[in-house]
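Visitor: Below are the structure tokens for one structure; questions will follow.
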Amino acid sequence: MRSRHARIAAAALLALGTGAAAAGTLPPHIRYEVLDGDKSVGHIDISLQSSPQGLLVQQRGEIVLRRMMLTATIRQTVEERWQDRRLLGLRSETSSEMAVGSSKKSLSVGRDASGALRATVDQTAHDLPADALPLNIWSAQTLVAGTHF
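Our numbering applies: residue 2 is where the sequence shown begins, and numbers increase by one.
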């Protein structure tokens, strides 16, 4: 089962890296199983929807780690919008719950009319280089040199 998921992920990486995304050859869904040794502790599900308006990528994941009597749960949702291999926007929510406390983080990135990228992290704004790319696990663009967030 893991090798099937690895092949699908590799196909998605190759497709985006070679420009096949424009031809519509991206898989509609990728699922990663998160392992702790040989034990499944979570999953990451990614859907890729291509249209004439661009590419919409939606990611949802959950990881539950247990050590002795402690449990930590991490959940994340990410939505990316792309057009012509260029990031238009990204929204992300990440939460963690542990016996010693919990936290919630949000990230929103948008491209304005001039092409500049602006990120808002937990209500604090930051300017990003126009060519900055999100670190993600579905796109071969992550593997190139440059500015990533």
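Note that the Cβ used here is the ideal one computed from N, Cα and C, for glycine as well.
Buried or exposed: which applies to Q60, given that a residue is buried once 16 or more other Cβ atoms fall within 10 Å of its Cβ?
Guide: Residue 60 sits at position 59 when you count from the first residue of the sequence shown. Buried, because 16 or more other Cβ atoms sit within 10 Å of the Cβ of Q60.
Visitor: Cα separation between A73 and L49?
Guide: On the sequence shown, residue 73 is found 72 positions in, with the first residue counted as 1. On the sequence shown, residue 49 is found 48 positions in, with the first residue counted as 1. So the alpha carbons of these two residues sit roughly 29 Å apart.
Visitor: Distance check for G55 and L88, CA to CA, integer angstroms please.
Guide: On the sequence shown, residue 88 is found 87 positions in, with the first residue counted as 1. On the sequence shown, residue 55 is found 54 positions in, with the first residue counted as 1. Going from the Cα of L88 to the Cα of G55 covers about 10 Å.
Visitor: Closest to V35 by C-alpha separation, out of P28, I47, L27 and I64, would be which residue?
Guide: Mapped onto the sequence shown, residue 35 falls at position 34. It is I64 whose Cα lies nearest to the Cα of V35.
Visitor: Out of S107, T143 and Q124, state which residue places its alpha-carbon closest to the alpha-carbon of A133.
Guide: Taking the sequence shown and counting its residues from 1, the one referred to as residue 133 is at position 132. Comparing Cα positions, the closest option is T143.
Visitor: Between the alpha carbons of I45 and S115, how many angstroms are there, rounded?
Guide: Walking along the sequence shown from the start, residue 45 turns up at place 44. Walking along the sequence shown from the start, residue 115 turns up at place 114. Cα-Cα distance, rounded: 34 Å.
Visitor: Enumerate in chain order the residues of its own chain whose CB-to-CB distance from E94 is below 6 Å, with the five nearest sequence positions on each side excluded.
Guide: Walking along the sequence shown from the start, residue 94 turns up at place 93. Answer for E94: T78 and S107, listed in chain order.
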